[in-house]
Structure formats: C-alpha cells, structure tokens
Amino acid sequence: MIHDFDAPVPRIGTACEKWDGAAAYFGRADLTPLWVADMDFAAPPEVTAALTARAQHPVYGYTFATEEVYESLIVWLKNRHGWRVEREWVLLAPGVVPSIHAVIQAFTTVDEAVIVQPPVFAPFFKAVATLDRRLLENPLRLERGRYRMNFEHLEQCAAQGAKLLLLCSPHNPVGRVWQTDELEEVLRIARQYRMIVFADEIHADLVYPGFRHIPLASLADSQGSVITGVAPSKTFNIPGLGLSVLIIPDATQRAKMARIFDRQSAHVANPFSLAAFAAAYRHGGPWRDEAMQYLRVNRDAAMRFVEERLPRIEAVAAEGTYLLWLDCRGLRMSDGELHEFFVCKCAVGMSPGTVFGTGGSGFMRLNLAAPRALLLAALARIEEQISVYWKD
Ligand SMILES: Cc1ncc(COP(=O)(O)O)c(C=O)c1O
Numbered sequence: 025m026i027h028d029f030d031a032p033v034p035r036i037g038t039a040c041e042k043w044d045g046a047a048a049y050f051g052r053a054d055l056t057p058l059w060v061a062d063m064d065f066a067a068p069p070e071v072t073a074a075l076t077a078r079a080q081h082p083v084y085g086y087t088f089a090t091e092e093v094y095e096s097l098i099v100w101l102k103n104r105h106g107w108r109v110e111r112e113w114v115l116l117a118p119g120v121v122p123s124i125h126a127v128i129q130a131f132t133t134v135d136e137a138v139i140v141q142p143p144v145f146a147p148f149f150k151a152v153a154t155l156d157r158r159l160l161e162n163p164l165r166l167e168r169g170r171y172r173m174n175f176e177h178l179e180q181c182a183a184q185g186a187k188l189l190l191l192c193s194p195h196n197p198v199g200r201v202w203q204t205d206e207l208e209e210v211l212r213i214a215r216q217y218r219m220i221v222f223a224d225e226i227h228a229d230l231v232y233p234g235f236r237h238i239p240l241a242s243l244a245d246s247q248g249s250v251i252t253g254v255a256p257s258k259t260f261n262i263p264g265l266g267l268s269v270l271i272i273p274d275a276t277q278r279a280k281m282a283r284i285f286d287r288q289s290a291h292v293a294n295p296f297s298l299a300a301f302a303a304a305y306r307h308g309g310p311w312r313d314e315a316m317q318y319l320r321v322n323r324d325a326a327m328r329f330v331e332e333r334l335p336r337i338e339a340v341a342a343e344g345t346y347l348l349w350l351d352c353r354g355l356r357m358s359d360g361e362l363h364e365f366f367v368c369k370c371a372v373g374m375s376p377g378t379v380f381g382t383g384g385s386g387f388m389r390l391n392l393a394a395p396r397a398l399l400l401a402a403l404a405r406i407e408e409q410i411s412v413y414w415k416d
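Structure (structure tokens):
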C-alpha cells in the first residue's frame, strides 16, 4: 500500500465533531470516539495538494464551478458505476442533508406524507419533521442476520398517497447494499403510485468485494421518478468541505429544485470545496481503492472479534459503508444502561441505535474507519468489561 492508514492522525484541536465534540456528546473526552461518520485517515494527497495550491493564491473571491468540476463527476460515475449522466442533469448543492430538505420542499407540501425506512440516518426524520410533512415509516426487517425492505408495507404507504420516499442506498446504519431485484421493486412501486424516490447514494463508493452498488436511477426507465444525491465527501473523507450533487434527469423537476435553491440563496461555489471535489474525483481513485482494502480488513477483523470474543453481541455483516451495526440486545440492558456500559465502563463512544429511530433500540453503530490498532483496542476493552459485567 502507498498510503499508510495505520498511522494515527491526531485530530484533537481541529474542532472536529468526532474527537473534540465527544466530551459534549458522551460526557467524557477520554474515550475512543467511533461515532461520527467520517474517517480518521488523511484525505488523498492529491486533494491536499489541490487545496494547498488554491490557498497559495491569496484572493479567495467569488468562484464558479468550471466544466472540469462537472466532468470529474461524470467520468467517475461512468467508470465506477457504469452510469452515464448528462451534464445538464447535475445541480451542485452544499450537502446531501440540505438537498434532502430542498427535495422535500420542492416535491411535497405541508402535511403530505414522506416515507423513511428506519433504522436510518437521523436527518431523514428531522427533515420531514422540521418541514411539517407527515412521516410514514416502513421499518426494515432483520431476517436471519440481513436487513430487507418490507415491500408489502412500502406499497401500503405509497397507496396512502405518499409523494416521496427517502431511500438510503447503501443503507446507513445497517450496511446493506441493495440489489437489482430490490431496487426494481422500489421503482415498480414508485411508478405505480407516482411517487418520487430520493436516492441518497452518498455511500455509493464504499462497497466491499462481493457487492456492487447500483445507482437506482440507472435502472429507471421513466427518468422522472428518481432524484439522486451523491458527493465525494464520504468516499474521500472530505465531508467538512460541504459540496455535493443532485442528479435530476427530468427538466421540470430540475427547474423546481433550482427555484428552491434560488429562494434559499444557497450558493455552493466555494473555491476550496470546488478544488477538492475535482481533485478527488479525478485523482483519488487509487486512494479510495486502498482505503477500501484497509476498511475491508477492519470490517473482517471487527466481525471476527465480535463473533469469537463478544458472545452476547452480534455484528450485522456490512456489505458497504464503514459502519458496523452491532446487535447488543443479548446484553439485556436498556438503552440507558448500554450508554453507561460502553461510555462509562468501556470508554468507547459509538452512536446509540436509538438515534436511527424505530428498530434501533438495543443496537450500536461502530465506525470502522480508524487505524486498526485503535479499533481493536476499543473492542478489547468491551470484551474485558463484558467479562466483568457478567461475572457480577
Ligand atoms: C446517508 C447519509 N446521507 C447524508 C450524509 C451527510 O451528508 P452531507 O454531509 O453532505 O450533508 C450522511 C453522513 O453520515 C449519511 O450517512
């Protein structure tokens, strides 16, 4: 490997949420934070070089996205996902979360129903609630260790008049990479009930061998039903820079979205985020491939550790994302007790399952994107404390 993912990159003092924000979130600073979904790895050197070069020009004035920015994305999506995206389908947006808010505003009105499939990334719920839309939940089902969508219930939700489905693909936090037959069924339901699907594909590039991310829109025959959100932020570990993309093949829908952004006066063109975006998509491929190799070994090591040494916890096999969903119900603790156990006893800061909504109680989300030694040391502390706890 060219890049050294084992080397710790000290982040304390950079005002980063994961480390510097841990004290406020967990009530103690001296724990191993394995929560916020970013990586403890240095970004691709080509990205740092592009940012440094841009910083060296000392005028940081108003900037626009050059054609190179669009082209970098289009080439990446074609080469990596076999998806041919037209230049005019692309709208730049500050982040995928702001895009979720904008999509809800553009395609639903107050009190109309939006479907989410929990357990899922918490801002999905927050967006629906903040914008006074009606939340319709179609909880995922855990069947023999693998999560599945409940299509019968999804269809019932759509039949109730839901205008929009927020699909997380791959799915944070359960790590599913949805397969063609599953995505086809989502599209069938969307078509039948004239429902728009917002496919949040921010984790698209973080898929393990044996699985393949399929962009939902690449399967859609009628272009009108799918709007996609993608970003280089998770793939290349640059989420703090805040630049993402909406891909909207339908011209009328695109105009609607552009109007929402206009009304918010949401300007995305920041010279640094644009420079990083283009450099990441153009030159970051080899870094991404090595990062995935490293993450795969982390995932396998963590899953093996859980299976062999944490007998009351089960890891749900992650097919994609650097997040591992741990079923801790075997510990027979309430959610408050799980917090007390992992944070106070083990000094490990994971995201509590309850933040992901229905189906999250009794679970924890572990972020695997850390140097392996740190990850394994955190797991060893959990092992030690489980043996103390169950001895008492
Ligand atoms: C599914 C999903 N969507 C969106 C985001 C964040 O998007 P952004 O930082 O571009 O707003 C995350 C971050 O964890 C995520 O997991």
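In this text, residue positions in the sequence shown follow our numbering: the first is 25, and each later residue adds one.
Quick reminder that beta carbons are idealized off the backbone N, C-alpha and C, glycines included.
Give every residue of the same chain whose Cβ lies closer than 8 Å to the Cβ of A186, excluding the five residues on either side of it in the sequence, and list them in chain order.
E136, A137, V138, I139, L160, Y217, M219
Beta-carbon proximity of A303 to V120, cut-off 9 Å:
no
A11: beta carbon under 8 Å from a heavy atom of ligand 1?
This structure leaves residue 11 out entirely; the chain is present only between 25 and 416.
According to the Cβ coordinates, are C192 and N162 closer than 9 Å?
no
Along the chain, where does the alpha helix (DSSP H) containing F285 start, and where does it finish?
275 to 288
Where does G360 sit, in a helix, a strand or coil, going by DSSP?
helix
In the DSSP assignment, find the alpha helix (DSSP H) that holds W100 and state where it starts and stops.
91 to 105
Run the proximity test for N261: is its beta-carbon closer than 8 Å to any non-hydrogen atom belonging to ligand 1?
no
Using the rule of at least 16 other Cβ atoms within 10 Å of the residue's Cβ for burial, across every protein chain shown, is K258 buried or exposed?
buried
Own chain, CB closer than 7 Å to G308, minus 5 neighbours either side, in chain order
P68, E70, V71, F260
When DSSP labels each residue in this structure, what does P34 get in the three-state scheme?
coil
Local conformation of R323 per DSSP, three classes
helix
Going by CA-CA distance only, name the one from P34, L116, R236 that's closest to L298.
L116
Using only the heavy atoms of ligand 1, determine whether one of them is closer than 8 Å to the beta carbon of K280.
no
Should F366 be labelled buried (16 or more other beta-carbon atoms within 10 Å of its own) or exposed?
buried
Around the Cβ of G384, are there at least 16 other Cβ atoms within 10 angstroms (buried) or fewer (exposed)?
buried
Measuring from the CB of S297, is there a heavy atom of ligand 1 at a distance below 8 Å?
no
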